[in-house]
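Here's the structure we're looking at; comments come further down.
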Amino acid sequence: MTTEAAISVRRTDRRRRRVLLELGIVLAIALVLILVMPVLLSGFRLNLLGRFLALAIVALGIDLIWGYTGMLSLGHGIFFALGGYAFAMHLKLQIPPDASIQLPEFMSLYGVTELPWFWKPFYDFNFSVAAVILIPALLAAVLGYLVFRNRIRGVYFAILTQAATIIFFNLFNGQQQLINGTNGLTDFKTLFGAPIGAAQTQFVFYCLTVFLLAGAYALCRWLTSGRFGSVLIAIRDDEGRMRSSGYNPTGFKVLVFAVSAGLAGIAGALFTLQTGIISPRAMDIAFSIEMVIWVAVGGRASLVGAVLGTILVNFGKSFLSEQYPQSWLFFLGGLFLLVVMVLPNGLIGALRSQAGPRLWAILGKRQYVTTYPSLETDPDVQHERQNFRN
Amino acid sequence: MNAKILEIENLTVSFDGFKALDNLNFSMDVGELRVVIGPNGAGKTTFLDVITGKVKPTAGRVLFKGRTLRAKTRFGEKALPEHQIARLGIGRKFQTPRVYLNLTPRQNLEISYNRHKNVFSTLLKQAVAAERRTVTGLIETIGLTLKADMPAELLSHGEKQWLEIGMLLAQAPDLLLVDEPVAGLTDEETERTGELLLSLAETYSILVIEHDMDFVRQIARQVTVLHEGRCLCEGTMAQVQSNPQVVEVYLGRELSEESEISLAGGQTALLEVGASPDEP
Ligand SMILES: Nc1ncnc2c1ncn2[C@@H]1O[C@H](COP(=O)(O)OP(=O)(O)O)[C@@H](O)[C@H]1O
Ligand SMILES: [Mg+2]
């Protein structure tokens with residue numbers, strides 16, 4: 083008993099130390115992003131980085147539902163856009179009290195004289211922030227419940243999410259008077275009296291993005307580790323087996339889909355703040371597919387991979403589109419094909435399976451393949467290792 | 006008379022007119038170890054599918070501990086979903102081992118052990134020390150101590166079979182349904198599996214489906230022979246072996262051509278994973 087207790091204590095100790103280490107690394111990266119990057123990068127590039135960090139939040143969400151739980155969503159653009167619109171509506175209502183028309187300017191253009199009812203709650207900052215997260219999350223929960231309860235999975239789920247994206251795109255595109263249709267919401271002026279476009283305000287948004295990304299990472303880390311995380315992976319790998327062990331996968335999927343949508347909403351709001359526009363184009367099917375590509379490139383079922391993939395692909399995209407304005411899309415497509423064919427588990431997957439051991443070797447530390455522990459203690463094997471190593 | 010853990014009354018399952026189970030009657034006492042044998046396609050797996058709620062019966066009913074596996078709703082009666090049947094205390098091991106390959110044996114056992122399987126308890130309730138100790142004990146029982154923390158995909162076939170039995174135990178059901186636990190195992194592993202099941206039979210009610218006649222002889226007390234969806238006969242191994250009908254459809258072949266039955270078993274195993282029948 084005492085040795086067992088000691089082992090268990092040691093294990094929790096080790097786990098605690100690992101958590102602390104990871105926390106330290108995340109904090110260090112956040113500090114570098116906030117203190118060092120502004121010195122290294124021009125204002126333009128820093129703004130780009132901020133946008134990509136916002137996109138990394140939606141990538142984390144996609145990794146949760148697709149990488150860990152196995153449901154491929156090609157409709158996260160909806161949730162992203164809903165978050166963006168929710169906060170953009172708050173921004174559009176920052177009208178100086180002495181202005182003659184107390185309406186967003188596009189409305190008077192279309193002859194609207196009174197603020198539509200559903201705009202009114204968005205005067206309130208707290209409501210708007212809650213809406214950024216809760217509207218996408220609730221929508222996902224309702225859609226998810228209907229779909230998952232009927233055991234719709236795999237390709238059928240992916241197609242359904244695409245169909246939903248088309249519906250929402252058309253819905254938003256057609257509402258000229260209510261939400262400015264195709265043009266979307268843009269031309270934001272102030273938030274809490276601070277001018278949105280000013281460098282300082284944008285830096286605040288950038289810092290906010292860094293913090294929220296760290297928070298989102300922590301949340302996903304918590305969800306995917308421990309027993310809950312194991313359950314998600316088990317649902318992904320063999321749902322039928324889970325049922326006969328007494329689990330109902332529906333609730334788990336609904337929760338994860340809702341969390342994932344909430345993250346997309348936050349990402350959308352942060353992205354809108356930093357680009358100054360949200361339009362139905364965020365609900366282009368291509369954009370939703372792109373999100374999945376970021377995660378695929380980084381490595382599904384790896385949170386670090388999702389973040390890294392998003393930043394790399396997007397910087398690659400902006401670099402290529404500057405250098406080769408005509409043909410960058412082909413480059414990007416080719417790059418994607420290459421990564422998927424050569425590195426089916428993404429960058430992180432490759433790092434884990436190939437580069438990892440090699441890196442250890444370079445550092446002078448040998449890592450044994452741990453397939454059969456009994457081999458490790460076998461004197462014959464030890465002898466062979468020592469004498470015939472390469 | 007003992008209390009019944011499982012009663013099956015006039016059960017029929019038809020797939021597009023083909024009766025995989027045909028007016029089957031069956032019952033099993035609490036604490037009993039029952040072996041069900043029968044040639045391939047006899048309906049053994051379908052039989053388990055009905056008990057666990059995976060397949061809905063066309064007619065007839067299943068009683069577990071004296072109650073039907075149906076629930077009353079506002080709109081009338083409906084069959085309980087699989088996960089609720091499992092929570093009543095029915096655990097199942099599948100014909101081909103179905104463990105979660107990307108999780109470690111420890112994680113496999115932990116999620117099966119989890120006593121509160123709804124979403125929020127799973128998320129918020131941490132595993133207590135007692136639970137971790139039980140899981141460690143289980144890992145020892147199934148002989149995977151050294152491999153407890155590596156992905157289960159690295160386990161051998163036999164180890165996966167044992168891990169799945171371990172998952173069943175972790176679930177602590179009252180009735181264990183075990184579908185062909187020794188398929189693909191070596192003779193030594195088969196014998197150890199038999200010993201394990203016999204020791205488990207002291208605490209659980211177990212229904213084992215098996216092909217391997219040596220194994221059946223090792224563990225069987227009461228045997229049920231299933232043939233073309235019907236219960237052909239029931240009794241001790243000796244009674245069953247001397248039943249002329251059984252000898253004709255099943256054992257006859259085996260008794261006269263001892264080696265061929267295992268070959269047939271191997272072939273049908275191939276068929277079941279979808280290989281084409283014309284393969285050698
Ligand atoms: N889902 C299904 N649809 C149609 N036929 C099925 C289905 N499942 C099983 N069967 C048929 O029912 C019969 C019994 O199958 P099964 O219960 O798997 O037999 P056993 O496990 O005894 O080998 C077989 O002839 C099989 O082809
Ligand atoms: Mg079978």
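Here the protein sequences line up with chains A and B, keeping their order.
Sequential numbering from 83 applies to the first sequence in this note's numbering.
Sequential numbering from 6 applies to the second sequence in this note's numbering.
Glycine included, C-beta positions come from ideal geometry on N, C-alpha and C.
Just so we're clear, the structure is a prediction, and the values are computed from it rather than from any experiment.
Inset, instruction - Would you check if the segment 380-388 of chain A and the segment 299-307 of chain A touch, i.e. whether three or more CB-CB distances between them fall below 8 Å? - result: Between the segment 299-307 of chain A and the segment 380-388 of chain A there are three or more inter-stretch CB-CB distances shorter than 8 Å, so the stretches are counted as touching.
Inset, instruction - Decide yes or no for the touch test of the segment 227-234 of chain A against the segment 324-336 of chain A: beta carbon pairs closer than 8 Å, at least 3 of them. - result: The segment 227-234 of chain A, when compared against the segment 324-336 of chain A, does touch it at the 8 Å Cβ threshold.
Legend entry - Residues of the segment 324-336 of chain A whose Cβ lies closer than 7 Å to any Cβ of chain B, in chain order: Taking 7 Å as the Cβ-Cβ cut-off against chain B, the residues of the segment 324-336 of chain A that qualify are 325, 326, 327, 328, 329, 330, 333 and 334.
Legend entry - Nearest-angstrom beta carbon gap, residue 261/A and residue 254/A [assumed within contact, 8 Å]: 6 Å between Cβ atoms; contact.
Inset, instruction - Give me the Cα-Cα distance between residue 273/B and residue 379/A, rounded to the nearest whole angstrom. - result: Unreliable placement is indicated for residue 273/B, whose pLDDT of 38 sits below 50; the coordinate value is still reported in the next sentence. If I take the Cα positions, the gap works out to 42 Å.
Inset, instruction - Return no unless some Cβ of chain A is closer than 8 Å to the Cβ of residue 105/B. - result: Taking Cβ atoms only, chain A reaches closer than 8 Å to residue 105/B, which makes this a yes.
Inset, instruction - Between the Cα of residue 413/A and those of 423/A, 421/A and 402/A, spot the shortest distance and give me the residue it belongs to. - result: For residue 413/A, the nearest C-alpha among the options comes from 402/A.
Legend entry - Beta-ladder partner(s) of residue 239/B, from DSSP: Paired residue(s): 229/B.
Inset, instruction - Identify whether residue 164/B lies in helix, strand or coil by the three-state DSSP scheme. - result: Of the three classes helix, strand and coil, the one that applies to residue 164/B here is helix, per DSSP.
Inset, instruction - Measure the C-alpha to C-alpha separation of residue 219/A and residue 340/A and round it to an integer number of angstroms. - result: Distance between the alpha carbons of residue 219/A and residue 340/A is about 4 Å.
Legend entry - residue 130/B Cβ short of 7 Å to ligand 1 heavy atom set: Every heavy atom of ligand 1 is 7 Å or more from the Cβ of residue 130/B, so no.
Inset, instruction - Would you check whether ligand 1 has a heavy atom nearer than 7 Å to the C-beta of residue 48/B? - result: Within the cutoff, so yes.
Inset, instruction - Specify the secondary structure class of residue 44/B as computed by DSSP and reduced to three states. - result: Coil.
Legend entry - Partners in chain B for residue 320/A, counting only beta-carbon separations shorter than 9 Å: Around residue 320/A, the beta-carbon contacts reaching into chain B at under 9 Å are 103, 104, 105 and 106.
Legend entry - Segment contact flag, the segment 164-174 of chain A with the segment 186-205 of chain A, C-beta cutoff 8 Å, min 3 pairs: In short, these stretches touch, since the Cβ pair count reaches three.
Inset, instruction - Could you tell me whether any non-hydrogen atom of ligand 4 is closer than 7 Å to the CB of residue 184/B? - result: As presented, the structure is devoid of ligand 4, carrying ligand 1 and ligand 2 as its sole ligands.
Legend entry - Contact set between residue 128/B and chain A, taken where Cβ atoms lie within less than 7 Å: Those are 310, listed as they occur along chain A.
Legend entry - Cβ-based neighbour list, residue 451/A, same chain, cut-off 7 Å, excluding 5 preceding and 5 following: Interpretation of residue 451/A is limited by its pLDDT of 48, a score under 50 that renders its predicted location unreliable; the figure taken from the coordinates is listed afterwards. Around residue 451/A: no qualifying Cβ.
Legend entry - Near-chain A residues of the segment 34-65 of chain B (beta-carbon distance less than 8 Å), N- to C-terminal order: Answer set for the segment 34-65 of chain B: 57 and 59.
Inset, instruction - Helix, strand or coil for residue 76/B, going by three-state DSSP, please let me know. - result: Residue 76/B carries a strand assignment under DSSP once its states are collapsed to helix, strand and coil.
Inset, instruction - With DSSP collapsed to three states, give me the class of residue 290/B. - result: Lying before the first or after the last residue shown, residue 290/B is absent from chain B, which here runs from 6 to 285.
Inset, instruction - Compare the C-beta of residue 121/B against all C-beta atoms of chain A and say whether one is closer than 8 Å. - result: Answer no: the Cβ-Cβ gap between residue 121/B and chain A never drops below 8 Å.
Inset, instruction - Kindly list, in the order they appear in chain A, the residues whose Cβ is closer than 9 Å to that of residue 117/B. - result: By Cβ distance, chain A contributes 327 and 328.
Legend entry - Within 8 Å, strictly: CB atoms of residue 192/A and residue 311/A: Not a contact, by the Cβ cut-off of 8 Å.
Inset, instruction - Report yes if the C-beta of residue 100/B is less than 7 Å from at least one heavy atom of ligand 2; otherwise report no. - result: Residue 100/B Cβ: within cutoff of ligand 2.
Inset, instruction - Could you confirm whether any beta carbon from chain A is found closer than 8 Å to the beta carbon of residue 18/B? - result: Answer no: the Cβ-Cβ gap between residue 18/B and chain A never drops below 8 Å.
Inset, instruction - Quick one: list the residues of chain A neighbouring residue 87/B, beta-carbon separation under 7 Å, in chain order. - result: The CB of residue 87/B comes closer than 7 Å to the CB of 325 and 326 in chain A, given here in chain order.
Legend entry - Within chain A, partners of residue 297/B - CB distance below 7 Å: Nothing in the structure corresponds to residue 297/B, since chain B is present only between 6 and 285.
Inset, instruction - Determine the direct distance from the alpha carbon of residue 130/A to that of residue 119/A, and round the result to whole angstroms. - result: In a straight line, the C-alpha of residue 119/A is about 12 Å away from that of residue 130/A.
Legend entry - Length of the line joining the Cα atoms of residue 83/B and residue 66/B: Looking at the backbone, the Cα of residue 83/B and that of residue 66/B are separated by about 12 Å.
Legend entry - Closest residue to residue 108/A among 293/A, 121/A and 273/A (Cα-Cα distance): Nearest of 293/A, 121/A and 273/A to residue 108/A, Cα basis: 293/A.
Inset, instruction - Look up residue 451/A in the DSSP assignment and say whether it is helix, strand or coil. - result: Confidence in residue 451/A is poor, its pLDDT being 48 and thus under 50, which makes the residue's placement unreliable; the coordinate value appears in the next sentence. Here residue 451/A sits in coil by DSSP.
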